[in-house]
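A.B. asks: First the structure, which I've put down as structure tokens, then a few questions once you've had a look.
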Amino acid sequence: MFNLDIKTAVQTAFFLAILGILSSLWLMVKNYKLAQKMPFYQKRVKMQWKSVRFLFVGIVFGFSAYFFNRFAEPAIYLIFPPSPTITLTPTITLTPTITLSPTITLSPTVTYTPAISPTPSIPEAIESLFESTVFPNPDALFSPIVFSKRIDENLQPVNPSEEFDHPISIMYATYSYVDMIPGSQWTSIWYRLSDMAMLCYETAPWNGGTGGYGYSECTQEASEWLPGFYEVQLFVGPTWKTSGRFAIIGNPPTNTPTRTSTATITRTYTPTSSRTPLPTFTPSITRTPTITPTTTRTPTITNTPTRTFTATPTRTPRPTDTRWPSQTPTR
150 MFNLDIKTAV QTAFFLAILG ILSSLWLMVK NYKLAQKMPF YQKRVKMQWK SVRFLFVGIV
210 FGFSAYFFNR FAEPAIYLIF PPSPTITLTP TITLTPTITL SPTITLSPTV TYTPAISPTP
270 SIPEAIESLF ESTVFPNPDA LFSPIVFSKR IDENLQPVNP SEEFDHPISI MYATYSYVDM
330 IPGSQWTSIW YRLSDMAMLC YETAPWNGGT GGYGYSECTQ EASEWLPGFY EVQLFVGPTW
390 KTSGRFAIIG NPPTNTPTRT STATITRTYT PTSSRTPLPT FTPSITRTPT ITPTTTRTPT
450 ITNTPTRTFT ATPTRTPRPT DTRWPSQTPT R
């Protein structure tokens with residue numbers, strides 16, 4: 150004998166209804182095709198009506214499947230209250246992981262935390278600013294705080310870390326929460342632990358939902374973000390909920406660059422006055438034309454006409470003496 154729970158039985162009925170829809174559609178198409186092949190009118194009409202009946206059966210199965218999928222299980226639970234809470238009790242057996250937390254007591258850091266555990270309290274100056282008249286939920290929970298310089302549109306930290314370097318002008322503390330009551334008083338305080346100076350705080354009636362993501366921000370000049378450790382404390386009403394720490398390394402930038410800018414202004418005016426006399430030295434360049442007349446001495450090369458004595462080669466007419474053999478004709 151099968152041992153089925155309500156959810157399994159409803160799912161089985163849903164799948165059977167789907168199977169009925171497919172079968173009805175297949176029989177409808179089959180009978181319609183057979184009716185088209187019937188040569189006799191009465192039998193053809195009879196087969197057509199049979200295919201129409203299968204169409205209505207498929208529609209009934211379709212409504213049944215929709216009912217089983219949407220309304221059957223909640224309707225059954227109204228008559229037979231569900232008892233799966235017993236199956237959910239193993240989550241309680243998983244809670245002994247909290248009993249494993251004594252490992253924290255073994256760490257020496259736990260011995261130092263008692264000095265911090267009494268301190269998370271709201272100063273009277275901030276507590277006097279409370280406006281909410283809604284009693285906060287003592288069971289509201291907050292996740293560990295995550296720190297970053299920027300957050301995205303989904304309130305998630307961008308490049309989260311526990312150590313940050315300059316330049317810093319704004320810091321974000323992001324977290325998730327559950328079981329919050331809208332309108333209850335909520336407070337966040339930012340401390341610099343080296344001198345316990347309060348850098349930022351905000352307190353207001355809670356305007357978010359009962360669960361989701363939230364953030365707190367602190368904006369200060371860069372000179373206020375001194376190197377050291379910082380702590381953010383979150384409160385719901387007067388009750389402390391969670392804290393988180395981060396560190397800043399490196400010294401903040403100084404304002405000395407403003408002095409360098411003034412020095413550049415005084416220096417830019419002085420070179421203009423000293424350089425303007427320089428064009429007076431340009432007349433020295435006019436002396437160069439006096440040097441060029443020396444090149445006029447090159448006409449001394451005109452002595453080369455002495456080489457015109459090369460006209461002596463005109464003596465070559467001596468070969469005309471060949472007339473001596475002219476005496477032979479006398480013979």
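What the sequence shown shows, in this note's numbering, is residues 150 to 480, in sequence order.
Quick reminder that beta carbons are idealized off the backbone N, C-alpha and C, glycines included.
Just so it is clear, the structure is predicted and the values come from calculations on it, not from any experiment.
Only counting the same chain, and skipping five residues up and downstream in sequence, which positions put a Cβ closer than 7 angstroms to that of I398?
C.D. replies: Mapped onto the sequence shown, residue 398 falls at position 249. So the qualifying residues of the chain are E312, D314, P376.
A.B. asks: To the nearest angstrom, how far is the alpha carbon of L383 from that of A322?
C.D. replies: Taking the first residue of the sequence shown as 1, we reach residue 383 at position 234. Taking the first residue of the sequence shown as 1, we reach residue 322 at position 173. Between L383 and A322, the C-alpha separation is close to 10 angstroms.
A.B. asks: Report the residue from A289, T391, P401 whose alpha carbon sits nearest the alpha carbon of P269.
C.D. replies: Residue numbering aside, residue 269 sits at position 120 when the sequence shown is read from its first letter. For P269, the nearest C-alpha among the options comes from T391.
A.B. asks: When the Cα atoms are used, what is the spatial distance from E302 to T368?
C.D. replies: Your numbering for residue 302 matches position 153 in the sequence shown. Your numbering for residue 368 matches position 219 in the sequence shown. In a straight line, the C-alpha of E302 is about 19 angstroms away from that of T368.
A.B. asks: Return the residue from the list F220, P387, E366 that minimises the CA-CA distance to E380.
C.D. replies: Position 231 of the sequence shown, counted from the start, is the residue given in the question as residue 380. Cα-wise, what sits closest to E380 is E366.
A.B. asks: Can you check the stretch 150-207 for any alpha helix (DSSP H) of at least 4 residues that lies completely inside it and give the ranges in chain order?
C.D. replies: Segments of the alpha helix (DSSP H) lying fully in the stretch 150-207: 155-186.
A.B. asks: With a threshold of 16 other CB atoms inside 10 Å of the CB of M329, please say whether the residue is buried or exposed.
C.D. replies: Locating residue 329 in the sequence shown gives position 180, where the first residue counts as 1. Label assigned to M329: buried.
A.B. asks: Taking I275 as the reference, which of S325, Y350, I225, K298 has the closest Cα?
C.D. replies: In the sequence shown, counting from the first residue as 1, residue 275 sits at position 126. Checking every option, the nearest Cα to that of I275 belongs to Y350.
A.B. asks: Taking C-alpha atoms, which residue in F216, Y362, Y364 lies nearest to F164?
C.D. replies: Start at 1 with the first residue of the sequence shown, and residue 164 comes out as number 15. It is F216 whose Cα lies nearest to the Cα of F164.
A.B. asks: Determine, using beta-carbon pairs with one atom in the stretch 218-231 and one in the stretch 201-208, whether at least three such pairs fall under 8 angstroms.
C.D. replies: The stretch 218-231 is not in contact with the stretch 201-208.
A.B. asks: With distance defined between alpha-carbon atoms, name the residue in F212, L183, S213 nearest to M199.
C.D. replies: Walking along the sequence shown from the start, residue 199 turns up at place 50. According to the sequence provided, residue 199 is Lys. The question's Met does not apply to it. Comparing Cα-Cα distances from K199 to each of F212, L183, S213, the minimum goes to L183.
A.B. asks: Please report the residue range of the alpha helix (DSSP H) in which A289 lies.
C.D. replies: The residue you call residue 289 lines up with position 140 of the sequence shown. Counting along the chain, A289 falls outside any alpha helix (DSSP H), and DSSP gives it neither H nor E.
A.B. asks: Return the CA-CA distance between I300 and M345, expressed in angstroms with no decimal places.
C.D. replies: Taking the sequence shown and counting its residues from 1, the one referred to as residue 300 is at position 151. Taking the sequence shown and counting its residues from 1, the one referred to as residue 345 is at position 196. Looking at the two C-alpha atoms, the distance is approximately 26 angstroms.
A.B. asks: According to the Cβ coordinates, are M347 and W339 closer than 8 angstroms?
C.D. replies: The residue you call residue 347 lines up with position 198 of the sequence shown. The residue you call residue 339 lines up with position 190 of the sequence shown. Yes.
A.B. asks: Between the Cα of N356 and those of W389, P402, V283, P401, spot the shortest distance and give me the residue it belongs to.
C.D. replies: Translated into the one-based positions of the sequence shown, residue 356 becomes position 207. Of the candidates W389, P402, V283, P401, the one whose C-alpha sits nearest the C-alpha of N356 is V283.
A.B. asks: Cα-Cα, which of L174, S318, F395 is closest to S372?
C.D. replies: For this step, residue 372 is matched to residue 223 along the sequence shown. With distances taken between Cα atoms, S372 lies closest to S318.
A.B. asks: Excluding the 5 residues preceding and the 5 following F395 in the sequence, name in chain order all residues of the same chain whose CB lies nearer than 6 angstroms to its CB.
C.D. replies: Mapped onto the sequence shown, residue 395 falls at position 246. Taken in chain order, the residues that qualify are F296, E311, Y379.
A.B. asks: Assuming S337 contacts S281 (C-beta within less than 8 angstroms), just tell me the rounded distance between them.
C.D. replies: Along the sequence shown, read from residue 1 onward, the residue named residue 337 stands at position 188. Along the sequence shown, read from residue 1 onward, the residue named residue 281 stands at position 132. About 15 angstroms; that fails the 8 angstroms criterion.
A.B. asks: Give the straight-line distance between the Cα atoms of M320 and F279, rounded to the nearest whole angstrom.
C.D. replies: Counting from one through the sequence shown, the residue named residue 320 turns up at place 171. Counting from one through the sequence shown, the residue named residue 279 turns up at place 130. For M320 and F279, the distance between alpha carbons rounds to 24 angstroms.
A.B. asks: Taking the beta strand (DSSP E) that L383 falls in, what are its first and last residues?
C.D. replies: Residue numbering aside, residue 383 sits at position 234 when the sequence shown is read from its first letter. Note, L383: beta strand (DSSP E), 377-385.
A.B. asks: In three-state terms, what does DSSP make of I294?
C.D. replies: On the sequence shown, position 145 is the one that residue 294 refers to. Residue state, collapsed to three classes: coil.
A.B. asks: Exposed or buried, G393, counting other C-beta atoms within 10 Å across all chains shown (16 or more means buried)?
C.D. replies: In the sequence shown, residue 393 corresponds to position 244, counting from 1. Answer is buried; the Cβ neighbour count reaches 16.
A.B. asks: Under the rule that 16 or more other beta-carbon atoms within 10 Å means buried, what is W374, buried or exposed?
C.D. replies: Counting from one through the sequence shown, the residue named residue 374 turns up at place 225. W374 comes out buried.
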